[in-house]
Amino acid sequence: MQRVRDASGKLTSATLRRLDDQLSWYRELPAEDRSYVGLVAQAGVNAFITWFAEPHRPPHGVDKMFSAAPPELTRTISLQQTLQLVRCGVDVVEEMSDQIAAPGGERELREAVLRYSREVAFSAAEIYARAAEVRGAWDARLEALVVDALVRGDGNDALRSRMSALGWSGRGGTLVVVGTTNPGLDEVRAAELRRAARRSAGDALVGIHGDRLVLVLGGEGDLVEAATGLLGRFGPGPVVIGSAVSGLDDAARSARSALAGMAAAPAWPQAPRPVMADDLLPERVLTGDASARRTLVTQAFTPLAEAGGSVLETLSAYLGTGRSLEAAARRLYVHPNTVRYRLRKVSEITGWDPLDARESFVLQVALALGQLGER
């Protein structure tokens, strides 16, 4: 026992030399972190000596050796690297056992070191597990803050910094999807959803707001297709896909459109699942969405008013006569084929076909909004 105590300084020095010779990552550490590793190594040797005096007792004091270093060291040194430290220490003691142990006690010393190193490895794993749990809880809170900021419409440098801290790469576009939560959605399944979303889109954030699930997707692929593939992760009811935007700066706009579409979706019971927020523009207008109103006027009424050639007048007559080509032709004193031709022009200009029941409703709302704005 006295020989082991006398060799404690020699063991610590030999271990640090072994680390410096064999582990390149240790040599690259800042001087402060290297000193912390040295303190851990020295505390480990002292804890082993204390236990070796009473080998019949279970190993104790193992957790105290890591208290010599700050918790932040776990962010600098990985668990794998910590186990490499332990392995180096075991190798040093085994090699020096002939010099340290009394004649005939070499085997006893080696077995004691192996037994104690096992406890050190388990203790290190426990410390890293606790640190991971703390980081996981912090990441979950940070993710909730980020999604909440997007829902509120915030978009600033602080938001970008927080998303970067969560691992958001910022490559490609951004898309926000809103639906109801699955009754069985807990933290574990939310983590599974997040992993599935990242496999599909690259970047993903998950927000649970009561009975509402908000999913933020980002990446360079087809985000709409990625959102459709995650449809089964949502609960019953409508799932609304917000406007696709070019990047993080406009993510709040995608969130606003998705949330507005979610509020308006009950007005269109036949809507597909999922449904694009821009396909719910008339219903969003009815809920007071000013953005939807501007979009309809800008994309439908204004181009038709500027097109000339009686296109807008023909659309108004067609919609006002119960969507009848013949009745519109009689009102305009033209041939029905002329009405049909002008309606095709409406479809080319706006992208909405007046001959389709759903799209003619969109055009009728746009026409009404435009006419109200002219007064």
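In terms of the numbering used here, the sequence shown is residues 12 to 386. Even glycine gets a Cβ: it sits at the ideal position worked out from N, Cα and C.
query                                                                                                                   : result
Minimum C-alpha distance to V286 - residue among D44, T185, V251 and L125                                               : V251
DSSP state of L186 mapped onto helix, strand, coil                                                                      : strand
Closest Cα partner of V97 within the set A160, L22 and E198                                                             : L22
Range of the contiguous beta strand (DSSP E) that encloses D17                                                          : Run containing D17: none in the beta strand (DSSP E); it sits in the alpha helix (DSSP H), Q13 to D17.
Reduced DSSP secondary structure (H/G/I, E/B, other) of R334                                                            : coil
Option in D261, I88 and L292 with minimal Cα separation from R163                                                       : D261
Given A255 as reference, the closest of A238, N57 and G331 once Cα atoms are compared                                   : A238
Cα-Cα separation between P114 and S46, rounded to whole angstroms                                                       : 35 Å
Selection from T61, V357, Y329 and L380 that minimises the alpha carbon distance to G319                                : V357
Simplified DSSP assignment, three categories, for A64                                                                   : coil
Where the alpha helix (DSSP H) containing I360 begins and where it ends                                                 : P347 to T361
DSSP beta-bridge partners of V217                                                                                       : L226
Three-pair Cβ contact test at 8 Å for the region 212-225 versus the region 277-294                                      : no
In DSSP terms, what T191 is bridged to                                                                                  : R223
Sufficient close CB pairs (3 or more, under 8 Å) joining the region 178-191 to the region 220-236                       : yes
Residue interval of the alpha helix (DSSP H) (run including F372)                                                       : A368 to E385
Euclidean distance between Cα positions of R200 and D289                                                                : 30 Å
DSSP state of V101 mapped onto helix, strand, coil                                                                      : helix
A275 - containing alpha helix (DSSP H), residue span                                                                    : A262 to A275
Straight-line gap, A328 to S257 (C-alpha atoms, nearest Å)                                                              : 39 Å
Residues bridged to M287 (per DSSP)                                                                                     : I252
DSSP state of I111 mapped onto helix, strand, coil                                                                      : helix
Pair within 8 Å by beta-carbon distance, L291 and A276                                                                  : yes
Span of the alpha helix (DSSP H) around W36                                                                             : S35 to R38
Beta-carbon proximity of V15 to I88, cut-off 8 Å                                                                        : no
Collapsed DSSP secondary structure at F245 in the structure displayed                                                   : coil
Secondary structure of T298, DSSP reduced to three states                                                               : coil
Candidates F133, E370 and R209, of which the one nearest Q91 by Cα                                                      : F133
Per-residue DSSP class, three states only, for P280                                                                     : coil
Cut-off 7 Å between Cβ atoms - residues of its own chain near S19, not counting five sequence neighbours on either side : V56, N57 and I60
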